[in-house]
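Trainee: One structure, as structure tokens, below. Some questions next.
2 protein chains.
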Amino acid sequence: MDLANDELLKLDNEVGFALYACSKGLIRKYNPVLERLGLTYTSYLAMLALWEQDGISVSELGKKLYLDSGTLTPLLKKMEKQGLLQRRRDREDERIVLIALTPKGRDLQAKTERTVSALNNTLRLLRESSLFSDLKRLLGELYEI
Amino acid sequence: MDLANDELLKLDNEVGFALYACSKGLIRKYNPVLERLGLTYTSYLAMLALWEQDGISVSELGKKLYLDSGTLTPLLKKMEKQGLLQRRRDREDERIVLIALTPKGRDLQAKTERTVSALNNTLRLLRESSLFSDLKRLLGELYEI
DNA sequence: TGCTATTCTATTGTACACAATTATTTTGTG
DNA sequence: CACAAAATAATTGTGTACAATAGAATAGCA
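Chains as they are written, first to last, in numbering that gives the first Met the number 0: chain A, 0 to 144; chain B, 0 to 144.
Okay, here's the thing in structure tokens:
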């Protein structure tokens, strides 16, 4: 697909728009389901990261999720209020805030697994297609441009 | 890729996360460039849609962009203030608000074409790969699930 | 040891998104 | 025609995103 000048600015030719609309569409599917768990899509992603690796710092979590402190600080405070995790300064280095799941936060994993399995089934085909690996490759490339 | 239960909730296996992170990453690349045009990513998309088809209603624009009035109304008011477009009620049907580009809005197209061409080149490979058509297909499927 | 640069989190300000609700207008039907 | 239903924007409330800045703590170095 090599575009002439007058085709360059068409909405349907925008890779970014396809990504943007797909991403929002999927989040719209997830959010009502996650609501039953008391989670939003963003807090769901944060929990996924923490279930994999508990006790990490805000900046480490930010690297995993590609989010900065401007997003994470209020999000984590809200999740702390919900009783899912605790935040505390590292004693060795007072600049760092470490995140630790509470028992309630850990226990949520099993219920979440059951709850999202329906969505996961819907997305199974996507995960099995080459689209998924292409996306992950794209994500890597985006951060090198 | 058929996932065992303990793999199901891993962040790296989330199709949604790959989409979400890719989309935000790309918008982060676009926004500083678009700023030179006085546009944000969202208003850029709105202008793309309007350059293709001027004089449409808010709801028609919403269908093109997959956005609702809660997002579009304040966005369009801001763009009207910038002098890019005008909003006026349809005389035939007072429920409808029609959007019309101003000369300034139309003139922005040429400059935008030049400005985003660098970004477009970076993304040329993506547009030429199967990823792009896969994404558009996914977008269609998402709205049927 | 001081001093400077760096690291890390928090804050501020701007800009979306979207569900739910409201208000207005039009349409369709008995 | 009257009135219920539908269509259309606007509003409200909540939840992100992120650039830019600030502020505290640490590291590195003359």
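The beta-carbon is built from N, C-alpha and C at its ideal position, and this holds for glycine as well.
When the Cα atoms are used, what is the spatial distance from residue 144 of chain A to residue 35 of chain A?
Mentor: In the first sequence, the residue the question calls residue 144 of chain A occupies position 145. In the first sequence, the residue the question calls residue 35 of chain A occupies position 36. Residue placement at residue 144 of chain A is flagged as unreliable, the pLDDT there being 42, under the threshold of 50; a coordinate-derived value is accordingly withheld.
Trainee: Run through chain B and tell me which residues come within less than 7 Å of residue 67 of chain A, C-beta to C-beta.
Mentor: As a first step, residue 67 of chain A is located in the first sequence; it is residue number 68 there, counting from the start. Simply none; closest approach about 11 Å.
Trainee: Report the neighbours of residue 133 of chain A on chain B: residues whose CB is nearer than 8 Å to its CB, in chain order.
Mentor: To locate residue 133 of chain A, count along the first sequence from 1; it is residue 134. Those within 8 Å of residue 133 of chain A in chain B are 128, 129, 130 and 133.
Trainee: For residue 68 of chain A, which residues in the same chain have their Cβ closer than 8 Å to its Cβ, ignoring the five residues on either side in sequence?
Mentor: The residue you call residue 68 of chain A lines up with position 69 of the first sequence. The answer, listed in chain order, is 57, 58 and 61.
Trainee: Across the region 71-81 of chain B and the region 16-34 of chain B, are there enough close Cβ pairs to call them in contact, namely three or more that are closer than 8 Å?
Mentor: Touching, no.
Trainee: What first and last residue would you give for the beta strand (DSSP E) that runs through residue 98 of chain A?
Mentor: Position 99 of the first sequence, counting from 1, holds the residue named residue 98 of chain A. 96-100 is the span of the beta strand (DSSP E), which, as asked, contains residue 98 of chain A.
Trainee: For the region 23-96 of chain B, which segments carrying the alpha helix (DSSP H) assignment without a break, of at least 4 residues, lie completely within its bounds, in sequence order?
Mentor: Entirely contained in the region 23-96 of chain B, the alpha helix (DSSP H) runs reaching 4 residues are, in chain order, 40-51, 57-64 and 68-80.
Trainee: Considering only the beta carbon of each residue, do residue 18 of chain A and residue 25 of chain B sit closer than 9 Å?
Mentor: Here residue 18 of chain A refers to the residue found at position 19 when the first sequence is read from its first residue. Here residue 25 of chain B refers to the residue found at position 26 when the second sequence is read from its first residue. In contact: residue 18 of chain A and residue 25 of chain B (Cβ atoms closer than 9 Å).
Trainee: If we count the other Cβ atoms within 10 Å of its Cβ and call it buried at 16 or more, is residue 41 of chain B buried or exposed?
Mentor: Indexing the second sequence from 1 puts residue 41 of chain B at position 42. Buried: at least 16 other Cβ atoms inside 10 Å.
Trainee: Taking only beta-carbon atoms, is residue 18 of chain B less than 9 Å away from chain A?
Mentor: Your numbering for residue 18 of chain B matches position 19 in the second sequence. Yes - at least one Cβ of chain A is within 9 Å of the one on residue 18 of chain B.
Trainee: In chain A, what lies closer than 7 Å to residue 14 of chain B by C-beta?
Mentor: Sequence index remark: in the second sequence, residue 14 of chain B carries index 15 (1-based). The answer, in chain order, is 122, 125, 126 and 131.
Trainee: Run through DSSP, which three-state label would residue 140 of chain A get?
Mentor: Working through the first sequence from its first residue, we reach residue 140 of chain A at position 141. DSSP places residue 140 of chain A in helix when its eight states are reduced to three.
Trainee: Are residue 13 of chain B and residue 71 of chain A close, meaning C-beta to C-beta below 9 Å?
Mentor: Here residue 13 of chain B corresponds to residue number 14 of the second sequence, with the count starting at 1. Here residue 71 of chain A corresponds to residue number 72 of the first sequence, with the count starting at 1. Not closer than 9 Å, so no.
Trainee: Using 9 Å as the threshold, is the C-beta distance between residue 83 of chain A and residue 54 of chain A below it?
Mentor: By 1-based counting over the first sequence, the position of residue 83 of chain A is 84. By 1-based counting over the first sequence, the position of residue 54 of chain A is 55. Going by C-beta atoms, residue 83 of chain A is not nearer than 9 Å to residue 54 of chain A.
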